[in-house]
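A.B. asks: Numbering-wise (the numbering used here), the sequence shown opens with residue 1 and increments by one. Beta carbons are placed, not taken as given, at the ideal position from N, Cα and C, and that holds for glycine. Note that the structure is a prediction, hence the values are computed from the model and not measured. Input: one structure, supplied below.
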Amino acid sequence: MDISRLAQHFFANWSGFFRSVGNPGWGNFFWLLIAASLAVFALELAKPWRKGQRVLRHELGLDIFYMFFNMFFFPLLGYATLSAALASGVESLAFVKSLRGFISLQTLPPAIQIVILFVVRDFLQWNIHVVLHRVPFLWKIHEVHHSAEVMSFPVHLRYHWAENIIYRVPEYSLFLLIGSNVPDVFIIYVVSLTIGHLNHANVKLPWGPLKYLFNTSELHLWHHAKQLPVRYGVNYAISLSVWDWLFRTAYNPPAPPEGIGLLDEPAFPRSFIRQLFWPLASRR
Ligand SMILES: [Zn+2]
Ligand SMILES: [Zn+2]
1 MDISRLAQHF FANWSGFFRS VGNPGWGNFF WLLIAASLAV FALELAKPWR
51 KGQRVLRHEL GLDIFYMFFN MFFFPLLGYA TLSAALASGV ESLAFVKSLR
101 GFISLQTLPP AIQIVILFVV RDFLQWNIHV VLHRVPFLWK IHEVHHSAEV
151 MSFPVHLRYH WAENIIYRVP EYSLFLLIGS NVPDVFIIYV VSLTIGHLNH
201 ANVKLPWGPL KYLFNTSELH LWHHAKQLPV RYGVNYAISL SVWDWLFRTA
251 YNPPAPPEGI GLLDEPAFPR SFIRQLFWPL ASRR
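Quick look at the structure:
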């Protein structure tokens, strides 16, 4: 897998981005994000879980802005180019070359390779998420995601820009360590995007026993609870809930939490610009 190409985060530059916007298609991340968003939004409208929740709610615009900022604008502001350059620099180092493909999946069928990469990436993300909740400075960064007070699908991508780096660097390192010959891991991003949208949506899908495998909106709502049942929180799942069940961080009572958002953070800013500086400002 070409990490420097992966690090371009789907679009290397603005012209590539605008070309994608002008050419809707299934291989195009911009339009897949729009399609997944519209599909989950339609579900929220047709079968809302919390009936009293307003559709045109407070901070809906902010959450949608975050979605586009984190997926496209932040990478296009230089992050994509910089991380691709860094990745290719790192890839050319001799010791990294020796680590490349340390674990090889190449003899396996491509579909199995994709599933393994998906599961291993998700486990890595689960661990990073646990760390974000436990290290005070990282928690300040992650508070932006937890500052949402109403849950619906765009809250999925409401997070501080630094999380792009915190999640991506270990992820690219992992992909570098695992040698695979699948041409693209695009499908992994699309599947996790859809699951993430559903986890944050105001919909309750009949997952049945699959809730022990996949993250659900019921589990994830408790992750965002204002009054946490235990100190650092519960249900750290990104796409797969199995890690929470295995490591006893799952919490699945019959009723949803009373309120969601941050407890004891009255000074938390509500504007995008001030949220950018929150991790630094809140340290004073
Ligand atoms: Zn969290
Ligand atoms: Zn969340």
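Measure from the alpha carbon of Phe143 to the alpha carbon of each residue in Val96, Tyr232, Gly179, then state which is nearest.
C.D. replies: Note that residue 143 is Glu in the sequence shown here, rather than Phe. When each option's Cα is compared against that of Glu143, the closest is Tyr232.
A.B. asks: Taking the CB atoms as reference points, tell me whether Arg134 and Glu171 lie closer together than 8 Å.
C.D. replies: No, the pair does not count as a contact, with Cβ atoms beyond the cut-off.
A.B. asks: May I ask you to check if the CB of His145 is nearer than 7 Å to at least one heavy atom of ligand 2?
C.D. replies: Under cutoff, so the answer is yes.
A.B. asks: Three or more C-beta pairs under 8 Å: does that hold for the region 149-162 against the region 192-205?
C.D. replies: Judged by Cβ distances under 8 Å, the region 149-162 makes contact with the region 192-205, as three or more pairs qualify.
A.B. asks: Grouping DSSP H, G and I as helix and E and B as strand, with all else coil, what is Gly89?
C.D. replies: Here Gly89 sits in helix by DSSP.
A.B. asks: Could you tell me whether the Cβ atoms of Gly179 and Leu105 are closer together than 8 Å?
C.D. replies: Yes, the pair counts as a contact, with Cβ atoms nearer than the cut-off.
A.B. asks: Please find out if some non-hydrogen atom of ligand 1 comes closer than 7 Å to the beta-carbon of Leu176.
C.D. replies: Because no heavy atom of ligand 1 lies under 7 Å away, the Cβ of Leu176 does not count as near it: no.
A.B. asks: Check whether the Cβ atoms of His129 and Tyr236 lie closer than 8 Å to each other.
C.D. replies: Closer than 8 Å, so yes.
A.B. asks: Helix, strand or coil for Phe214? Go by DSSP, reduced to three states.
C.D. replies: The answer is strand: DSSP assigns Phe214 an E or B state.
A.B. asks: Relative to the C-alpha of Ile351, which residue among Pro257, Lys97, Val182, Tyr66 is closest?
C.D. replies: Limits of the chain in this structure are 1 at one end and 284 at the other, which puts residue 351 out of reach.
A.B. asks: Tell me whether Ile260 sits in a helix, a strand or coil according to DSSP, three-state version.
C.D. replies: It is a strand residue.
A.B. asks: Does the beta carbon of Leu263 fall short of 7 Å from some heavy atom of ligand 1?
C.D. replies: No, ligand 1 has no heavy atom inside 7 Å of this Cβ.
A.B. asks: Compute the distance between the beta-carbons of Pro257 and Leu219, then report whether it is under 8 Å.
C.D. replies: Not in contact: Pro257 and Leu219 (Cβ atoms no closer than 8 Å).
A.B. asks: Please list, in chain order, all residues of the same chain as Ala225 whose beta carbon is under 7 Å from its beta carbon, the five residues on each side excluded.
C.D. replies: For Ala225, where only same-chain residues beyond five positions count, the Cβ hits under 7 Å are Pro257, Ile260.
A.B. asks: Quick one: residues in its chain with C-beta nearer than 8 Å to the C-beta of Leu132, no 5 flanking neighbours on either side, listed in chain order?
C.D. replies: Excluding residues within five positions, the ones whose Cβ falls inside 8 Å are Leu138, Trp139, Ile141, His142, Glu163, Ile166.
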